[in-house]
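Right, one structure below, let's go through it.
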Amino acid sequence: MQVTSPVRPPLVTGGKTVSDVTQDISRHVENKPTKLWIMAFTLSVITLCYGSYCLWTTWYKGIGMWGLNKTIGWAWDITNFVWWVGIGHAGTLISAILLLFRQKWRTSINRAAEAMTIFAVICAASFIVAHMGRPWLAYWALPLPNAFGSLWVNFNSPLVWDVFAISTYFTVSLVFWYIGLVPDFATIRERATGVRRVAYGALSLGWDGSAKAWQRYEAVSLVLAGCSTPLVLSVHTIVSMDFATSVIPGWHATIFPPYFVAGAIFSGFAMVLTLMLITRVVFRLEDYITVEHMESMNKVIVLTGSIVGIAYLSEFFIAWYSHVPYESYTFINRAFGDDYWWAYWSMMTCNVISPQLFWFRTVRRSIAWTFLLSIVVNIGMWFERFVIIATSLSRDFIPSSWAYFSPTLYDIGDYLFTFGLFFTLFLLFAKFFPVVNMAEVKAIIKSSSAKKDTK
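Residue numbering for the sequence shown is 720 to 1174, as defined by my numbering.
Have a look at this one:
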């Protein structure tokens, strides 16, 4: 009996040719902004301005403007920092690891994911600077020669670990992102005139499309992918050590590094889905960002969401198995205490229960369900970071130090600042840069696109 394997669904639909790819993706760079883009950009700028006011007030008057108290010295600032770093992980995973594994479905989404990584890291870094108290002295966290004698950073400080991790991650991601843009800048250069031709000509670094140029491009991409792959594991591992190396019950756990990495990929893929589903509609890229891309990403969300769920259960088991009363109380208080039970069960519902809906193929391939659940996942991942930080600190070893954290308008405003900054940068990127990697889509179009109807 002859057995034939089913043909994989096309990654590019609509029977696109190489010329169609250039036209469709360059169109939104060359045309005037749409009304939807202008409305979204205006809203993001307004949010950025309000957040900038709150951030400036925080810097001017001090972090006493936040809702911190003598017990909870970390709250929304570190919660938002870890959340933004986690969101940035999907870009590196899609760009580096999936490139090394030759996964073709990454080609339509890697550009936006890489940009998202860079903007998310910038947002995360803003919280490092903000909670220093004296942001104008932020350079003291760098091991630079200075005029103060033999003064060096404290390498035992988690703050210094964060600075090294974020700066390395940002630098490698930025180079990877820009190198991938060079061939597309050259394509737009050839179509542009006047000042735009000069600008995109400078950005394209003299790209001529020769065989030697492509050979070096492929070699550099593989080298950068190899350098970036360890960052997927190392960056959030270092961030998790901010907590795991402490003696606070609920933090002092060896499970944190893999648990944080899985959660970062989980939230990062959800944010990529949110952005790409909006982008495909605003810029009419439904033939390039297809249901097949969406389904592949939803499968990753199911996997990483299940890992996160196992980590939650493992924490409870270890707390019980250790017979340490402080650990046991911390986790019981998280789930059933009077203060933060609502945050814990919001986290469990969003991160553990909701992704399981993707086991159903109809949900996994539904645009509406995917968009809704991608937002739900990121809400849940924010609550996860808040639960880890606030519940562990709210119950100190001494009952007289127990306290409850309530955010102020400046906590909320500083968080809104990062949202305004992120979406302002992303909208500018989506307007002036090709949001889909034209060169890589063209490379797969003959083998993975639907054929045009010749009748």
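By construction, the Cβ of each residue, glycine as well, lies at the ideal position given by its N, Cα and C atoms.
Among the options, which has the Cα closest to the Cα of residue i?
{"i": "Val1031", "options": "Phe1145, Pro977, Leu992", "result": "Note on identity: in this sequence residue 1031 is Tyr, with Val being the wrong assignment. The candidate whose alpha carbon is nearest that of Tyr1031 is Pro977."}
{"i": "Met1013", "options": "Trp1088, Ala921, Gly1024, Asn1052", "result": "Trp1088"}
{"i": "Trp1078", "options": "Leu856, Val1019, Leu878", "result": "Val1019"}
{"i": "Ile841", "options": "Gly1139, Val1155, Ile1163, Phe1151", "result": "Gly1139"}
{"i": "Val748", "options": "Glu1159, Gly1056, Ala1162, Val1155", "result": "Val1155"}
{"i": "His680", "options": "Thr956, Arg910, Ala860, Trp859", "result": "The requested residue 680 is not part of the displayed model; the chain covers only 720 to 1174."}
{"i": "Phe760", "options": "Ile1164, Ile1163, Phe1142, Phe1151", "result": "Phe1142"}
{"i": "Tyr888", "options": "Glu833, Phe904, Ala911, Gln934", "result": "Glu833"}
{"i": "Gly786", "options": "Cys768, Trp795, Lys780, Phe1102", "result": "Trp795"}
{"i": "Glu1159", "options": "Leu1147, Leu1144, Ser1120, Leu900", "result": "Leu900"}
{"i": "Leu1128", "options": "Thr776, Thr811, Val894", "result": "Thr776"}
{"i": "Glu1103", "options": "Arg727, Leu762, Lys751, Asn799", "result": "Asn799"}
{"i": "Trp970", "options": "Ser929, Thr1110, Trp1121, Tyr858", "result": "Thr1110"}
{"i": "Ile1108", "options": "Phe846, Gly792, Gly925, Trp778", "result": "Gly792"}
{"i": "Arg853", "options": "Asp927, Leu774, Val1096, Met835", "result": "Leu774"}
Using a threshold of 8 Å, state whether the C-beta atoms of residue i and residue j are closer than that.
{"i": "Ala844", "j": "Val958", "result": "no"}
{"i": "Ser947", "j": "Ile806", "result": "no"}
{"i": "Pro902", "j": "Asp961", "result": "no"}
{"i": "Arg935", "j": "Gly920", "result": "no"}
{"i": "Asn788", "j": "Phe1124", "result": "yes"}
{"i": "Lys735", "j": "Asp1006", "result": "yes"}
{"i": "Asp1133", "j": "Gly770", "result": "yes"}
{"i": "Ile757", "j": "His850", "result": "no"}
{"i": "Leu943", "j": "Val894", "result": "yes"}
{"i": "Ser929", "j": "Phe904", "result": "no"}
Would you kindly report the start and end of the unbroken alpha helix (DSSP H) that includes residue i?
{"i": "Met1100", "result": "1086–1105"}
{"i": "His1012", "result": "1010–1041"}
{"i": "Gln934", "result": "930–963"}
{"i": "Trp803", "result": "795–806"}
{"i": "Met851", "result": "Here Met851 belongs to no alpha helix (DSSP H), and DSSP marks it neither H nor E."}
{"i": "Glu1046", "result": "1044–1055"}
{"i": "Asp927", "result": "Per DSSP, Asp927 belongs to no alpha helix (DSSP H) and is neither H nor E."}
{"i": "Val914", "result": "913–922"}
{"i": "Leu812", "result": "Premise fails: Leu812 is in no alpha helix (DSSP H) and is neither H nor E."}
{"i": "Val1154", "result": "Unbroken run through Val1154: none, as it is neither H nor E."}
{"i": "Arg825", "result": "Neither: Arg825 is in no alpha helix (DSSP H) and is coded neither H nor E."}
{"i": "Thr1081", "result": "1080–1083"}
Please report the straight-line C-alpha distance between residue i and residue j, rounded to a whole angstrom.
{"i": "Ser694", "j": "Ala1054", "result": "For the chain, the structure presents residues 720 to 1174; residue 694 sits outside this window and is missing."}
{"i": "Ile765", "j": "Ala938", "result": "43 Å"}
{"i": "Ile1163", "j": "Tyr1059", "result": "50 Å"}
{"i": "Tyr897", "j": "Val891", "result": "10 Å"}
{"i": "Ala815", "j": "Ile1131", "result": "34 Å"}
{"i": "Trp803", "j": "Ala839", "result": "5 Å"}
{"i": "Tyr1040", "j": "Val731", "result": "52 Å"}
{"i": "Ala860", "j": "Val848", "result": "10 Å"}
{"i": "Met1100", "j": "Thr1023", "result": "12 Å"}
{"i": "Trp871", "j": "Asp881", "result": "16 Å"}
{"i": "Arg910", "j": "Ala932", "result": "20 Å"}
{"i": "Lys1174", "j": "Val737", "result": "Per-residue confidence for Lys1174 stands at a pLDDT of 40, beneath the threshold of 50, marking its modelled position as unreliable; the derived number appears in the next sentence. Cα to Cα, Lys1174 sits roughly 20 Å from Val737."}
{"i": "Ser1181", "j": "Leu863", "result": "Since the first residue shown for the chain is 720 and the last is 1174, residue 1181 is missing from the structure and cannot be characterised."}
{"i": "Ile1073", "j": "Ile1029", "result": "Note that residue 1073 is Ser in the sequence shown here, rather than Ile. Ser1073 and Ile1029: Cα-Cα distance of roughly 15 Å."}
{"i": "Ala831", "j": "Val1043", "result": "46 Å"}
{"i": "Thr906", "j": "Ile1008", "result": "21 Å"}
In this structure, how does DSSP classify residue i when only helix, strand and coil are distinguished?
{"i": "Val740", "result": "helix"}
{"i": "Lys735", "result": "coil"}
{"i": "Ile885", "result": "helix"}
{"i": "Pro1074", "result": "helix"}
{"i": "Ile1163", "result": "helix"}
{"i": "Leu730", "result": "coil"}
{"i": "Tyr858", "result": "helix"}
{"i": "Ala905", "result": "helix"}
{"i": "Met758", "result": "helix"}
{"i": "Gly786", "result": "coil"}
{"i": "Thr973", "result": "coil"}
{"i": "Tyr1063", "result": "helix"}
{"i": "Asp1172", "result": "Because the pLDDT of Asp1172 is 45, which lies under 50, any placement of that residue in the model is unreliable, and the number read from its coordinates should be weighed accordingly. Here Asp1172 sits in coil by DSSP."}
{"i": "Lys751", "result": "coil"}
{"i": "Asp1006", "result": "coil"}
{"i": "Val966", "result": "coil"}
{"i": "Asn873", "result": "coil"}
{"i": "Thr1143", "result": "helix"}
{"i": "Asp1115", "result": "coil"}
{"i": "Arg910", "result": "helix"}
{"i": "Glu989", "result": "For clarity, residue 989 is Ala in the given sequence; the question names Glu instead. Note: Ala989 maps to helix in three-state DSSP."}
Taking 7 Å as the cut-off, does the CB of residue i come closer than this to any heavy atom belonging to the ligand GTP?
{"i": "Trp785", "result": "The ligand GTP is not part of this structure, which contains no ligands at all."}
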